[in-house]
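Data block below; observations after.
In full-length UniProt numbering, the protein residues as written are 1 to 191.
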């Protein structure tokens with residue numbers, strides 16, 4: 001699915017964007033610096049640019065472990081410990097989990113925090129990083145078709161979407177043009 005493709009991108013440190021074919025589920029992970037800069041008119045494909053703007057440090061962020069409401073509050077029910085070889089991989093695990101509110105990473109250990117208030121405090125610990133997942137809004141693309149007995153008219157709508165994982169993406173209309181998608185890349189809302 002498109003959501004699985006997005007999650008694979010978020011988990012791949014070098015990912016700059018994806019191309020997804022709806023009919024077959026094919027997912028291309030792009031690693032080109034700056035992501036895709038142009039699209040071709042092909043129905044059924046999505047070309048999305050990845051932006052890692054979804055996380056911000058809690059307190060100092062680095063050299064700090066996540067905690068609940070105080071530096072002594074480390075209830076194991078707040079998180080699930082997972083394996084992640086890098087901070088970027090840990091971010092990807094969080095991005096793929098809608099209930100993730102924060103992450104703690106140290107070495108190869110990644111804590112996916114699901115505490116309602118996220119990580120509200122930190123405890124100074126060398127080699128640790130505590131990042132909060134930013135709240136973002138989501139918009140969706142809409143294509144409206146109207147048919148009469150004489151003609152068919154299709155209204156194309158291009159949107160910029162900021163997903164729950166913080167990715168800002170340019171979604172061209174189904175029969176979108178390169179110019180329409182590129183205009184999105186130059187918008188302040190696209191990254």
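Just so it is clear, CB atoms sit at the ideal spot from N, CA and C, and this is done for glycine as well.
These numbers come from a predicted model, not from an experiment.
With a threshold of 16 other CB atoms inside 10 Å of the CB of residue 83, please say whether the residue is buried or exposed. exposed
So what does DSSP say about residue 14, is it helix, strand or coil? Three-state DSSP puts residue 14 in coil, outside helix and strand.
Range covered by the alpha helix (DSSP H) that runs through residue 91: 87–95
By the DSSP assignment, the beta strand (DSSP E) with residue 206 in it spans what residues? Since the first residue shown for the chain is 1 and the last is 191, residue 206 is missing from the structure and cannot be characterised.
Expressed to the nearest angstrom, what Euclidean distance is found between the alpha-carbon atoms of residue 59 and residue 121? Per the coordinates, the alpha-carbon of residue 59 lies some 7 Å from the alpha-carbon of residue 121.
I'd like to confirm the pairing. Which residues does DSSP put opposite residue 109 in its beta bridges? 83 and 106
Residues of its chain near residue 132, where Cβ-Cβ distance is below 8 Å and the 5 sequence neighbours each way are ignored: 55, 56, 57, 58, 101, 102, 118 and 119
Below 7 Å CB to CB, which residues in the same chain sit around residue 31 once its five sequence neighbours on both sides are set aside? 14, 15 and 16
Tell whether a beta-carbon distance below 8 Å holds between residue 66 and residue 111. yes
Using only the alpha-carbon positions, how far apart do residue 108 and residue 22 sit? 34 Å
Would you say residue 23 touches the ligand ADP, meaning its beta carbon is less than 7 Å from a heavy atom? Looking for the ligand ADP in the displayed structure turns up nothing, as the structure carries no ligands at all.
Beta-carbon proximity of residue 61 to residue 129, cut-off 8 Å: yes
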